[in-house]
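Those sequence lines, one after another, are chains R and V.
Take the first sequence: its letters are residues 1 to 333, numbered as in the numbering used here.
Take the second sequence: its letters are residues 1001 to 1333, numbered as in the numbering used here.
Protein chains: 2
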Amino acid sequence: MIETPYLLFLGDAPDPLAAKVAQGIRDWRPENAVGQYRMPGCKADMKLPDMDLAEAHAAGAKTLVIGVANRGGVISEAWKAVLHTALEQGFDLASGLHNLLQDEADLVATATRHGRQLHDVRVPEVKYPIANGVKRSGKRLLAVGTDCSIGKMYTALCIDREMRNRGMDCSFRATGQTGILITGDGVPLDAVVADFMAGSIEWLTPDNDPDHWDLIEGQGSLFHVSYSGVTMALIHGGQPDALILCHEPTRSHMRGLPGYKLPTLEQLRDTALTLARVANPACQAVGIAINTQAMSDQEALDYCAETEARMGLPTVDPYRHGAGRLVDALGAI
Amino acid sequence: MIETPYLLFLGDAPDPLAAKVAQGIRDWRPENAVGQYRMPGCKADMKLPDMDLAEAHAAGAKTLVIGVANRGGVISEAWKAVLHTALEQGFDLASGLHNLLQDEADLVATATRHGRQLHDVRVPEVKYPIANGVKRSGKRLLAVGTDCSIGKMYTALCIDREMRNRGMDCSFRATGQTGILITGDGVPLDAVVADFMAGSIEWLTPDNDPDHWDLIEGQGSLFHVSYSGVTMALIHGGQPDALILCHEPTRSHMRGLPGYKLPTLEQLRDTALTLARVANPACQAVGIAINTQAMSDQEALDYCAETEARMGLPTVDPYRHGAGRLVDALGAI
């Protein structure tokens, strides 16, 4: 559990895209960010108050979150000057970088000296159980995709926002590093040891009130040969009541796998439901989320309408059109 | 890679069942075992020559394999006296115990001093790649089951033996600790980090001669919610040409999961083939292996005959009846 609220560290971001993690926090949990910290030359701007460490501390920030990808894969000396000072001033640090904070001996020494935490969200901090398959109370949704990196996290976050706006009881459950930094906790599933994958998702989505929805961030795809085992563990560990099928219509092949075609939405529905019903016989496919970012407004609407007619399920781009119709369908379960 | 041949350490085995690993080596790779080492009170006997360390060393043994489950989950002082002496006399040690050799500082010190290896086969020794899904040459078989612990390893080993007897070119590919100790190498898949599971199986079963068969030991089951992700990674990383369906007819529920019924062989076939064809569109289900250990001779024959008539695939208990008909079917691919 990462302490909130955050000061978002944008460093010397070479362009706005490098600050994707900070943007995710800004978009989805603005209440978690009291301000941004920018170094000379920073090309990213979250439109949050620029603060130095003392100002952010006074504003209540508990954790400095590295919201930017680093250059050359290393934590630079220029960054380190800020990170050391932050630890000395009472901040914890959180990062999703490949270059782990805990592998930097000088940062570990400073954190230890000042009693602060270093959170590397790529590394599990919990000893997860082996899944026991026992039915849990409360409701669970899982986003599954025809491919990786197709909008599953954004779909779950859009549904989370819509449910919150309606006053429904829900929790976005992060299963990847960006999601964990956005919300402050979750399971870095791709780094969990095989035997404990499904158990980690049971741990993440425990018994809850009957009307509470866990909105579980998907990972990988049953049809992506590199990562399908991770998806399988989400389907069985999450024991979802509802699946949202996610698709991006313009992909010519599976991400990183030339020669592998995407499955159809029908194939995804049939395969995912068959497997999901092992853990939860009542599981249903309730809606379809299309990632239309490569389409015009009219193309997006047409594609969703055609898909809805073919599949018989509410079909929207939740980021572009809102998740209202998906939440309507979930509310009927 | 564990150096062979072995001296099998049976310790003070309280009963024959405790020496399951040694029995597996004795049954499936007798050429890997020059002898056995028994301590006072040992109740197990592999019918191998009893040897002390010096005799085994003279007979060519390279590795002392702990072939017995330890009492109380710890490596006892009585065992350690033998293990230290073995390291001093030039043996490597290999173990599948939960209590890792590498966690015993005194054993590590002795091994380091004498330049010997400690192999804990529960711990991956290789940095595996992420799977790339590229089609590999050679043929691959994977055993899949309606449940865990249903005879998948024995099925693959029976097929391996039959193929060797026929002079066919094949390799048993171990994916669990017992299999690794039997053959001297493999992937401890249940201990691999999620992102690298499928890649570890690609690594284990590389390009090979067109007529070579990799006989891949299965793990878990697509229908076992605790471990299905591991099975999924085997199906996609192994890109099998052939599946053997494994079943045990007398189970009342999935292993360790009261309330979860076993799937039918038809459900297993359909689900496993659908997923396997993502990685290898030519994959076929070629035969069925029934674990009939809880049945009389006649019951076993009747059950196999009924299953064969229903499923249209050669059906045997390969351990009881031999794997000849399964190998016939594989030879036709």
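Note that beta-carbon positions come from the ideal geometry of N, C-alpha and C, so glycine has one too.
Computed from a predicted model, the values in this text were never measured in an experiment.
For a cut-off of 8 Å, the C-beta gap from E1217(V) to G1179(V) is around 5 Å, short enough to register as a contact. Partner residues in the beta bridge of F9(R), as assigned by DSSP, are Y37(R) and I66(R).
In this structure, the beta-carbon distance from I159(R) to L141(R) falls below 8 Å. The residue from D1241(V), T1085(V) and A1143(V) with its alpha-carbon nearest to that of Y1037(V) is T1085(V). Two segments are said to touch when three or more pairs of C-beta atoms, one from each, lie closer than 8 Å; by this definition the segment 144-161 of chain R does not touch the segment 94-104 of chain R. Below 8 Å, enough C-beta pairs join the segment 1280-1287 of chain V and the segment 1242-1256 of chain V to call them touching: three or more.
Contact holds between the segment 3-15 of chain R and the segment 56-73 of chain R, because three or more Cβ pairs, one in each stretch, are under 8 Å apart.
Each of T1183(V), A1109(V), K1127(V) and D1050(V) was checked against the Cα of P1040(V), and the nearest Cα belongs to D1050(V). Cα atoms of V192(R) and G1229(V): separation of roughly 12 Å, rounded to the nearest angstrom.
Apart from sequence neighbours up to five positions away, the residues of its chain that approach A1279(V) with a beta-carbon distance below 6 Å are H1236 and Q1239, ordered along the chain.
According to DSSP, M1153(V) shares a beta bridge with no other residue. For G1133(V), the nearest CB of chain R lies under 8 Å from its own CB, placing it at the interface with that chain. S1226, Y1227, S1228, G1229, V1230, T1231, M1232, A1233, L1234, I1235, H1236, G1237 and Q1239: these are the residues of the segment 1226-1239 of chain V whose beta carbon lies less than 9 Å from some beta carbon of chain R, given in chain order. Judged by beta-carbon spacing, V327(R) lies beyond the 8 Å limit of R173(R), meaning their Cβ atoms are not closer than that value. Counting along the chain, the unbroken alpha helix (DSSP H) around R113(R) starts and ends at A105 to H114.
By DSSP's assignment, H1119(V) forms a beta bridge with A1094(V).
Taken through DSSP and simplified to helix, strand or coil, V1278(V) comes out as helix. A Cβ-Cβ separation of about 11 Å leaves L93(R) out of contact with V108(R) under the 8 Å criterion. As the crow flies, the alpha-carbon of D15(R) is around 6 Å from that of A44(R). Residue state for F172(R) is assigned as strand, using DSSP reduced to three classes.
Under the three-state reduction of DSSP output, Q1284(V) falls in the strand class.
Rounded to whole angstroms, the gap between the alpha carbons of E3(R) and K127(R) is 20 Å. In this structure, P1188(V) lies near R1122(V), with their beta-carbon atoms less than 8 Å apart.
The alpha-carbon separation between P1249(V) and A111(R) amounts to approximately 57 Å. Residue-level contact check: Y1128(V) does not touch chain R, since none of the beta carbons of chain R fall below 8 Å from its beta carbon.
Residue environment analysis places K1135(V) among the exposed positions, since fewer than 16 neighbouring C-beta atoms fall within 10 angstroms of its C-beta.
DSSP, reduced to helix, strand and coil, places K1139(V) within a strand of the structure shown.
Under DSSP, H247(R) takes part in a beta bridge, and its partners are I290(R). Interface residue (Cβ-Cβ distance to chain V less than 8 Å): T274(R) is classified as such.
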